[in-house]
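Below is one structure, written out as structure tokens, with a few remarks after it.
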Amino acid sequence: MRALKSFALLALPVVLVLGCSSTPEQPAALKGADIAKPKTETPASTKPDSNAGAGSATPIDTSKGGAKTDTGSTDRSASPANLKNTVYFDFDHFDIKPEFREAILAHAAYLSKNPSATVKIEGHCDERGTREYNIALGDRRATAVRQLLKLQGVADKQIATISFGEERPVALGHDEDSWWQNRRAVFAYR
Amino acid sequence: MTIPLFRRVVIIVMMLGWPAAQAALTIEITEGIEGALPIAIVPFASDGADALLGTDLTTIVWKDLERSGRFKPLPQTDLIARPSEPGKVNFHDWRLLGMDNLLIGSVKATPQGYEVRFYLFDVIKGQQIKAFSLPMQVSTLRATAHKISDMVYEALIGEPGAFLTRVAYVTVQHRTGGASVHTLWIADADGYGPRDILNSPTEIMSPAWSPDGSKLAYARFENDHFVLYVQDIATGTREVVAKALGHNGAPAWSPDGTRLALTMQQKRHPGDAGNFDIYILDLGSKVFTRFTDHWAVETHPAWSPDGRYLIFTSDRSGRPQIYRKALAGGKEERLTFEGAENDRASFSPNGKILAMIHANSGEYRVAVFELETGQLRVLTDSSLDESPSFAPNGSMIIYATTFKNAKILAAVSVDGRVKQRIPETGRVLDPAWSPLLPTLQ
Chain F
1 MRALKSFALL
11 ALPVVLVLGC
21 SSTPEQPAAL
31 KGADIAKPKT
41 ETPASTKPDS
51 NAGAGSATPI
61 DTSKGGAKTD
71 TGSTDRSASP
81 ANLKNTVYFD
91 FDHFDIKPEF
101 REAILAHAAY
111 LSKNPSATVK
121 IEGHCDERGT
131 REYNIALGDR
141 RATAVRQLLK
151 LQGVADKQIA
161 TISFGEERPV
171 ALGHDEDSWW
181 QNRRAVFAYR
Chain E
1 MTIPLFRRVV
11 IIVMMLGWPA
21 AQAALTIEIT
31 EGIEGALPIA
41 IVPFASDGAD
51 ALLGTDLTTI
61 VWKDLERSGR
71 FKPLPQTDLI
81 ARPSEPGKVN
91 FHDWRLLGMD
101 NLLIGSVKAT
111 PQGYEVRFYL
121 FDVIKGQQIK
131 AFSLPMQVST
141 LRATAHKISD
151 MVYEALIGEP
161 GAFLTRVAYV
171 TVQHRTGGAS
181 VHTLWIADAD
191 GYGPRDILNS
201 PTEIMSPAWS
211 PDGSKLAYAR
221 FENDHFVLYV
231 QDIATGTREV
241 VAKALGHNGA
251 PAWSPDGTRL
261 ALTMQQKRHP
271 GDAGNFDIYI
281 LDLGSKVFTR
291 FTDHWAVETH
301 PAWSPDGRYL
311 IFTSDRSGRP
321 QIYRKALAGG
331 KEERLTFEGA
341 ENDRASFSPN
351 GKILAMIHAN
361 SGEYRVAVFE
371 LETGQLRVLT
381 DSSLDESPSF
391 APNGSMIIYA
401 TTFKNAKILA
411 AVSVDGRVKQ
421 RIPETGRVLD
431 PAWSPLLPTL
441 Q
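The listed protein sequences correspond, in order, to chains F and E. Heads up: the first sequence begins at 1 in my numbering, then just goes up one per residue. Heads up: the second sequence begins at 1 in my numbering, then just goes up one per residue.
Take a look at the structure:
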């Protein structure tokens with residue numbers, strides 16, 4: 001059932017996006033989805049810090065882009081270099097956690113403004129599970145990010161997905177301190 | 001980019017430690033069977049041949065039998081007599097030493113090379129069990145010794161030995177600056193003579209032996225995805241056999257060697273969400289036939305020894321579990337229900353048992369599953385086990401695991417009683433035990 005549920009979660013961003021731009025009273029449509037807690041329905045622009053809910057999964061990338069407010073997409077579309085480029089996932093999951101949505105939307109805004117720009121979404125896993133299965137799991141993570149970009153209107157041809165599975169960890173330890181850093185999707189611009 | 005301190009240390013350790021891989025791998029027995037059979041092995045006498053030949057032969061046999069965990073060979077220093085012919089054996093002496101069996105022999109120089117004669121005795125009954133003569137060259141010494149080990153093992157345990165076999169595995173060596181070297185190796189099953197058959201700047205995964213032991217299929221990362229190769233071991237020639245736009249991996253040879261089952265992800269364009277399914281590739285005609293068609297992930301196919309079924313991993317229930325479907329068609333039957341996950345299953349040579357990775361409470365361990373009873377037994381107590389592979393006699397399972405922060409190989413007997421560790425430094429992955437080989441040449 002977990003996989004089915006996660007597919008349902010992929011559809012969730014559509015609802016949230018609509019909620020942001022026009023009708024704020026969408027929550028009914030979110031029933032049944034685990035992560036549809038009331039606070040995530042707040043329009044992103046009113047959140048002071050989109051990473052506040054990240055828990056232990058503090059992004060390690062150095063860019064400060066994600067902390068920008070959502071006042072105008074023109075600010076974000078100048079360059080992808082200032083955007084947060086890494087999204088983290090729960091163990092054995094590939095649904096986008098609410099705290100990483102804003103960062104992905106910022107990439108979507110950039111890609112929409114720059115139709116000639118292309119990005120590779122790299123999906124990664126922690127070392128648990130088999131190498132081959134983790135290729136599939138990494139692919140699902142990359143695909144979940146791509147799906148959200150597409151829902152924002154980014155063209156298919158601008159996005160490629162790659163799965164590295166557990167092959168390219170950023171942290172080499174054998175416990176959660178390393179594992180959370182490795183369960184990730186990374187935006188790689190050429 | 002600054003490399004975290006820990007990572008730097010690992011890189012240094014790997015760079016220092018790696019040259020050791022060129023030499024033989026060391027195999028440590030961490031758990032043996034209580035009541036392993038006591039056997040005395042007398043260094044084979046020389047009959048006009050270099051005396052070292054006999055000593056070398058018996059040392060290899062001694063180590064083979066000890067490593068199996070089923071024998072307790074008498075230390076050479078405790079030998080009370082060194083007979084080389086049946087007429088000179090005094091059973092009483094060996095009984096006093098508590099020996100059940102005795103192996104003696106000789107190496108004789110012949111115009112063609114050498115002749116190795118050996119005799120195996122039941123000390124308790126005072127009977128000769130086996131007497132054999134084998135031709136040998138200096139170049140076939142190791143193979144001859146393993147063959148003797150196989151014959152002794154079969155005579156006393158009642159199952160074929162698997163000493164005349166090899167193991168393929170992958171190592172990852174990180175270089176400063178973020179580059180890495182991925183190497184596909186083949187070593188004798190006793191760890192002797194590792195030989196690199198492919199060096200790659202990108203990942204190598206899932207090596208699988210052809211049933212005749214002459215080829216390896218494996219996946220290699222290139223141009224943003226894994227591509228499937230088949231490589232001839234003797235000549236080194238290799239060809240791409242599957243290069244769908246998405247993933248190509250998890251190859252498994254049909255028992256007759258004419259087909260490969262594999263996982264392919266069919267993407268229509270680089271951003272497409274292609275699905276992972278099992279396909280069968282006819283190696284002669286190069287035609288792919290789709291075997292599974294499900295929105296979930298299907299991977300790790302394995303053939304039943306009779307060639308009638310494929311088992312595979314699917315996460316259609318939410319987590320990976322093992323399923324079975326007949327080649328002739330029919331429904332896909334879920335086999336495993338115990339534990340959070342079961343993945344990467346393969347058949348024992350007799351087709352009765354599956355080895356797999358079993359996950360529960362976040363621990364990934366090697367388990368065996370009896371097809372007839374549905375009984376699952378966890379064999380290891382480590383927590384990050386991967387890629388179990390049966391010895392061709394079904395006695396042991398080799399697998400990759402994490403031990404003291406290193407990715408190493410280890411082996412466990414199917415009954416869980418014998419455990420071995422191959423403590424190589426660094427990252428060693430994806431062991432695959434070869435079929436029985438006609439020769440180690």
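Using N, Cα and C, we set each Cβ at its ideal position, and we do this for glycine too. Since the model is a prediction, treat every value here as computed from it, not as a measurement.
In this chain, the alpha helix (DSSP H) harbouring N134 (chain F) covers R131 to L151. Ranked by how close their Cα comes to the Cα of R183 (chain F), the residues F:T143, F:D175 and F:C125 have F:C125 in first place. In the three-state reduction of the DSSP assignment, S387 (chain E) falls in the strand class. In this structure, the CA atom of L134 (chain E) is about 15 Å from the CA atom of S46 (chain E).
Note that the C-beta distance between R166 (chain E) and L198 (chain E) is not below 9 Å.
Within the model, the alpha-carbon separation for Q152 (chain F) versus I96 (chain F) is close to 15 Å. Beyond the five residues adjoining it in sequence on each side, W179 (chain F) comes within less than 6 Å, by CB distance, of D126 in the same chain, given in chain order. With a 10 Å radius around the Cβ and a threshold of 16 neighbouring Cβ atoms, Q137 (chain E) comes out exposed. The Cβ-Cβ distance between G129 (chain F) and D139 (chain F) does not fall below 9 Å. Counted as a single uninterrupted DSSP element, the stretch harbouring T176 (chain E) is not any alpha helix (DSSP H), since DSSP gives it neither H nor E. Taken atom to atom, the span from the alpha-carbon of S389 (chain E) to that of A81 (chain F) is near 45 Å.
Using a 10 angstroms sphere on the CB of D188 (chain E), the tally of other CB atoms reaches 16 or more, which defines it as buried. Ranked by Cα distance from I41 (chain E), the first of E:V61, E:A51 and E:Q173 is E:V61. DSSP lists E:E370 as the beta-bridge partner residues of I353 (chain E). Residue-level contact by beta carbon fails for G35 (chain E) and chain F, as no gap is shorter than 9 Å. Judged by DSSP in its simplified three-state form, L53 (chain E) adopts helix. Membership of L281 (chain E) in the beta strand (DSSP E) is indicated by the continuous run N275 to D282. Within the segment 107-131 of chain F, those residues whose Cβ lies closer than 7 Å to any Cβ of chain E are, in chain order, E127, R128, G129, T130 and R131. The Cβ neighbour count for G274 (chain E), taken over all protein chains shown within 10 Å, is at least 16; the residue is labelled buried. Between V297 (chain E) and A136 (chain F), the CB-CB gap stays under 9 Å. In the DSSP assignment, F91 (chain E) falls within the unbroken alpha helix (DSSP H) covering F91 to L96.
At a cut-off of 9 Å between beta carbons, R344 (chain E) contacts chain F. Cβ-Cβ distances below 6 Å link R117 (chain E) to G105, S106 and S133 in the same chain, with the five nearest sequence neighbours on each side left out; the list follows chain order. Of all residues in the segment 259-284 of chain E, only T263, Q265, K267, H269, P270, G271, D272, A273, G274 and F276 place a beta-carbon less than 9 Å from a beta-carbon of chain F.
At least one CB of chain F lies nearer than 9 Å to the CB of Y364 (chain E).
With fewer than 16 other Cβ atoms from the protein chains shown falling within 10 Å of its own Cβ, E85 (chain E) counts as exposed. Around the C-beta of T401 (chain E), 16 or more other C-beta atoms lie within 10 Å, and the residue is accordingly described as buried. Taken atom to atom, the span from the alpha-carbon of V241 (chain E) to that of F369 (chain E) is near 32 Å. DSSP, reduced to helix, strand and coil, places F44 (chain E) outside both helices and strands of the structure shown, so it counts as coil. Pairwise C-beta distances place the segment 272-288 of chain E out of contact with the segment 96-106 of chain F, as fewer than three of them are shorter than 8 Å. Beta-carbon to beta-carbon, V119 (chain F) and F100 (chain F) are separated by about 16 Å, too far to satisfy the 8 Å threshold. When E:H358, E:L384 and E:I27 are compared, the shortest CA-CA separation from Y192 (chain E) is found for E:I27. Considered as a whole, the segment 97-141 of chain E harbours no complete run of any alpha helix (DSSP H) with no fewer than 4 residues.
In the DSSP assignment, E338 (chain E) falls outside any alpha helix (DSSP H), carrying neither H nor E.
Proximity of I96 (chain F) to chain E, defined by a Cβ-Cβ separation below 9 Å, is not satisfied. Distance from the CA atom of M396 (chain E) to the CA atom of G351 (chain E), rounded to whole angstroms, is 15 Å.
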